[in-house]
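In what follows, a structure is listed as structure tokens, so that the remarks can point back to it.
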Amino acid sequence: METATQLEDASTSMETTAAPFTLAQAQALEAQYVMQTYARTPVMFVRGKGSTLYDETGKAYLDFISGIGVNVLGHDHPRVRRVLKEQGGLLHTSNLYYHPYQGQLAERLAKAAGMARVFFCNTGTESVEGALKLARAWQRRHGREGQTEFVSLTNSFHGRTMGALSVTAQEKYRKPFEPLIPGVRYLNPDNCLDDFAEARAAINERTAAVIIETIQGEGGILPINDAFLKVVREQCDKVNALLILDEVQCGLGRTGHVFAFENTSVKPDILCVAKPLGLGVPLGAFIVNEKAMDGLQPGDHGTTFGGGPLACRLSLEFMEMLQEEQLMQRVAEVGVYFRKKLRQMQRRIPQFVTDVRGLGLMVGVELNFSGKNIVNRMLERGFLMNCTHDVVLRFLPPYIIRKAEISELISNLEEAIVEEAKSQGKA
Ligand SMILES: Cc1ncc(COP(=O)(O)O)c(C=O)c1O
31 METATQLEDA STSMETTAAP FTLAQAQALE AQYVMQTYAR TPVMFVRGKG
81 STLYDETGKA YLDFISGIGV NVLGHDHPRV RRVLKEQGGL LHTSNLYYHP
131 YQGQLAERLA KAAGMARVFF CNTGTESVEG ALKLARAWQR RHGREGQTEF
181 VSLTNSFHGR TMGALSVTAQ EKYRKPFEPL IPGVRYLNPD NCLDDFAEAR
231 AAINERTAAV IIETIQGEGG ILPINDAFLK VVREQCDKVN ALLILDEVQC
281 GLGRTGHVFA FENTSVKPDI LCVAKPLGLG VPLGAFIVNE KAMDGLQPGD
331 HGTTFGGGPL ACRLSLEFME MLQEEQLMQR VAEVGVYFRK KLRQMQRRIP
381 QFVTDVRGLG LMVGVELNFS GKNIVNRMLE RGFLMNCTHD VVLRFLPPYI
431 IRKAEISELI SNLEEAIVEE AKSQGKA
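Residue 161 in my numbering is what sits at position 131 of the sequence shown, and the numbering runs on without skipping anything.
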């Protein structure tokens, strides 16, 4: 029988023969063996450096989507490399035991949010799912058995599990899976701006929690009106409902503050974060205030992987950088530059661009025609971006993006918009 040391030696001496693997091969294999749930863009990445990704032919692409808001330090960052090297020997321990990093990270997150405790999971969807469970359990613990319903906003996206999907208003995500959990109302903030009566009626003694993306992401980069948020907060307090803010996409530095709610006048009872939290290694969390933290008791909720040593150690490195390296100042400043340049572009082609909006480096450009093919045109030109809601071009670049890279994007974008408008017969 081979000993553990022999196996170790064998694995370290194994040669890696880097056979060239083509995009066509990846496509053929995936077409046959991978569930066909994604409409992938026909490009395959093999390495990255800073804000640039490279495909297998060596072509470079400037990354303005960062893996949908995940790779906020770009690719191959030296501090990430160092942590990966140092932590490579202990990847997972489970939540049966302690490791040095979960508690330290929880302290950082709780203090940064001005809240009390943290539960770690793996994804944004799981953080929303956990938050919804906590809200129900908290109501029951406090004797409000009937307070089980949820209120979310029209146009929202909170994830794909049954609970998270139930509070996701966008019909296209929900339809194939109905019936979902009952007792969810979708509130349209635009209908509430005159007298807020609709909001006050929807949030009542049956409401366990209200869940809101501080800035709607999949819905088209739409910040939620502050006066509306204030009324929601007041009404939640009045009827003992919890306020959950979903900052999976807009949190952790994206808006130029550590949390997007810092741009508003409200504070949540539960805050959901994920995407960049583990710098590319899956990690999600919900952060809970003093009031709500007794909602979950030992045995009520758990996960095998959530909050593992590698993800937490990477995240600690990230939180340190967010708070110590003037990264937030940079995001705010470069974000202002990005939107200023986009607005100048809008003034040059107002016949196609109807709006430029966002905060920090969460930026949307609304067109008056379908923008999906602009993503393909930009790919050909060597830029990665995304289109949501058919007409909103979405940009979530890494926090290290440079002004020169933004200028390069914009001159190409303007040409791509005009070309596409022409091909759709709009110009
Ligand atoms: C606001 C929001 N909530 C939840 C999710 C789901 O996160 P994940 O895809 O990590 O499960 C997303 C994903 O885009 C999101 O934008």
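Even for Gly, the Cβ is constructed at its ideal location relative to N, Cα and C.
_Cβ-based neighbour list, residue 332, same chain, cut-off 8 Å, excluding 5 preceding and 5 following_ = 125
*Assign residue 215 to one of three DSSP states: helix, strand, or coil.*
strand
*Quick one: using the 10 Å Cβ neighbour count with 16 as the cut-off for buried, is residue 45 buried or exposed?*
At residue 45 the pLDDT is 49, less than 50, meaning the model places this residue with poor confidence and gives no usable figure here.
*When you compare each of 170, 139, 212 and 99 to residue 154 by their alpha carbons, which one comes out closest?*
99
*asked:* Please tell me whether residue 185 and residue 249 are closer than 9 Å, where the distance is taken between their beta carbons.
replied: yes
*Kindly provide the chain-ordered list of residues whose Cβ lies closer than 7 Å to any non-hydrogen atom of ligand 1.*
98, 153, 154, 155, 156, 158, 187, 188, 189, 190, 194, 243, 247, 248, 276, 278, 279, 302, 304, 305 and 314
_Strictly by DSSP, which residues pair up with residue 85?_
75
*Use the C-beta contact count for residue 350: other C-beta atoms within 10 angstroms, 16 or more gives buried, fewer gives exposed.*
exposed
*Taking one C-beta from the segment 270–289 and one from the segment 340–355 each time, how about it: are there three or more such pairs within less than 8 Å?*
yes
*Could you give the C-beta distance for residue 168 and residue 329, rounded to a whole number, given that I count them as a contact under 8 Å?*
Residue 168 to residue 329, Cβ: 16 Å. No contact.
*Classify residue 294 as buried or exposed, calling it buried when 16 or more other Cβ atoms lie within 10 Å of its own Cβ.*
buried
*May I ask you to report which of helix, strand or coil DSSP gives residue 187?*
coil
*Start and end of the alpha helix (DSSP H) containing residue 155?*
154–171
*asked:* Let me confirm a value: residue 238 is counted as buried when at least 16 other C-beta atoms fall within 10 Å, else exposed. Which label applies?
replied: buried
*Rounded C-beta distance between residue 362 and residue 394? I'm assuming under 8 Å.*
About 17 Å; that fails the 8 Å criterion.
*For residue 132, which residues from the same chain have a beta carbon less than 6 Å from its beta carbon, with the 5 sequence-adjacent residues on both sides left out?*
337 and 342
*Pick helix, strand or coil for residue 149, following the three-state DSSP scheme.*
strand
*asked:* So residue 162 and residue 113 are supposed to be a Cβ contact under 8 Å. How far apart are they, rounded?
replied: The pair is not a contact, with the Cβ atoms about 32 Å apart (cut-off 8 Å).
*What did DSSP end up calling residue 15 once you bin it into helix, strand or coil?*
For the chain, the structure presents residues 31 to 457; residue 15 sits outside this window and is missing.
*Are the beta-carbon atoms of residue 86 and residue 52 separated by less than 9 Å?*
yes
*Quick one: what's got a C-beta closer than 8 Å to residue 31's C-beta in the same chain, skipping five residues either side?*
Note that residue 31 has pLDDT 49, beneath the 50 cutoff, so the model's placement of it is unreliable and the number below is only indicative. Counting only Cβ-Cβ distances below 8 Å, and skipping sequence neighbours, we find nothing.
*Touch test, the segment 250–270 against the segment 221–234, Cβ-Cβ under 8 Å, three pairs minimum*: yes
*To the nearest angstrom, report how far apart residue 441 and residue 297 are at their CA atoms.*
39 Å
*Distance between residue 355 and residue 91 (C-alpha atoms, nearest Å)*: 26 Å
_Own chain residues within Cβ distance below 7 Å of residue 419, not counting five before or after_ = 249 and 250
*When we look at the beta-carbon of residue 207 and count the other beta-carbons within 10 Å, is it buried (16 or more) or exposed?*
exposed
*Sequence-distant residues of its chain with Cβ nearer than 6 Å to residue 375 (five each side left out)*: 440 and 444
*Of the residues 417, 422 and 357, which one's Cα is nearest the Cα of residue 387?*
422
*asked:* Taking the alpha-carbon of residue 259 as reference, which of 212, 279, 321 and 290 has the nearest alpha-carbon?
replied: 290
*asked:* Quick check on residue 278: buried or exposed, where buried means 16 or more other Cβ atoms within 10 Å of its Cβ?
replied: buried
*Is it buried or exposed for residue 257, if we count other Cβ within 10 angstroms and need 16 for buried?*
exposed
*What is the residue span of the beta strand (DSSP E) that residue 388 lies within?*
383–389
_Environment of residue 365 [buried if 16+ CB atoms lie within 10 Å]_ = buried
_Given residue 276 as reference, the closest of 339, 188, 151 and 327 once Cα atoms are compared_ = 188
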